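Inspection log for the structure reproduced underneath, given as structure tokens.
Numbering (this note's numbering), first residue to last: 4 to 245.
Here is the structure:
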């Protein structure tokens, strides 16, 4: 990803101070992907973490070696020592946090999806353009070496003319069970379900390799309206398409 205005120029030793929202040490993309990536890039530094509570925020700062911790994400975004923001919390909270970062003029990397609805995502895109703030959404599939190799083969014509393709994507919800931490996926108003999360990543990778979609005719359905929470055995009603 690139950061307009705040990106250090060639030969610069300036460090970009990153603040991660949702940096819990025990689970989530922050610990699995963002923290290792930031540590691997010399000009980036993990400077702040934010979680929902003081105890967890302190624990995250200690675990990741961040100088600053916050139990309020908005306070972290507004802090003068935070140059760019990573939003790695659950999807329903993405829109408000990304919007605040944009209003603060700070580059923001957000996990997929940007918002709960197309309208929210378009509003954020327009705001970013208006404020001239760089954004990135976590569609990491296109950076996979094997996906990039497929793209190179297709672009070079090594596979001939591609006439058709098939993609099968599913996740735990599609199979009728869910992890307790992901039970929020069952509520369609949260904007997080197999289509907008796992399948969206696969579709993006497919389009990156073969070309963008021109027209779309789509249909969704709920085939498993009753879903079991694995840890508790509780059965919940799902309103999300699976």
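The beta carbon of each residue, even a glycine, is placed where N, CA and C say it ideally should be. Small disclaimer: the values here were computed from a predicted structure and weren't measured.
- Residue pairing by DSSP puts residue 72 in a beta bridge opposite 52.
- The stretch 57 to 103 is shown to contain whole beta strand (DSSP E) runs of 3 or more residues at 71 to 73 and 87 to 90, in chain order.
- The secondary-structure analysis by DSSP pairs residue 139 across a beta bridge with 112.
- By alpha-carbon distance to residue 173, the top candidate from 183, 186 and 205 is 205.
- With a 10 Å radius around the Cβ and a threshold of 16 neighbouring Cβ atoms, residue 52 comes out buried.
- Comparing C-alpha distances from residue 23 to each of 209, 149, 45 and 50 shows the shortest one belongs to 50.
- Sixteen is the threshold: since fewer than 16 other Cβ atoms of the shown chains lie within 10 Å of the Cβ of residue 129, the residue is exposed.
- Residue 22 is bridged by DSSP to 51 and 88.
- Of the other Cβ atoms in all chains shown, fewer than 16 fall within 10 Å of the Cβ of residue 217; this residue is therefore exposed.
- Contiguous alpha helix (DSSP H) elements confined to the stretch 201 to 242 occur at 201 to 213, taking only those with 4 or more residues.
- The Cβ atoms of residue 102 and residue 80 do not sit closer than 8 Å to each other.
- Here the alpha carbon of residue 118 sits roughly 6 Å from the alpha carbon of residue 97.
- DSSP, read as helix, strand or coil, puts residue 177 in helix.
- Distances from the alpha-carbon of residue 155 to those of 219, 212, 176 and 59 put 212 closest.
- Judged by DSSP secondary structure, residue 148 falls within the alpha helix (DSSP H) whose first and last residues are 148 to 158.
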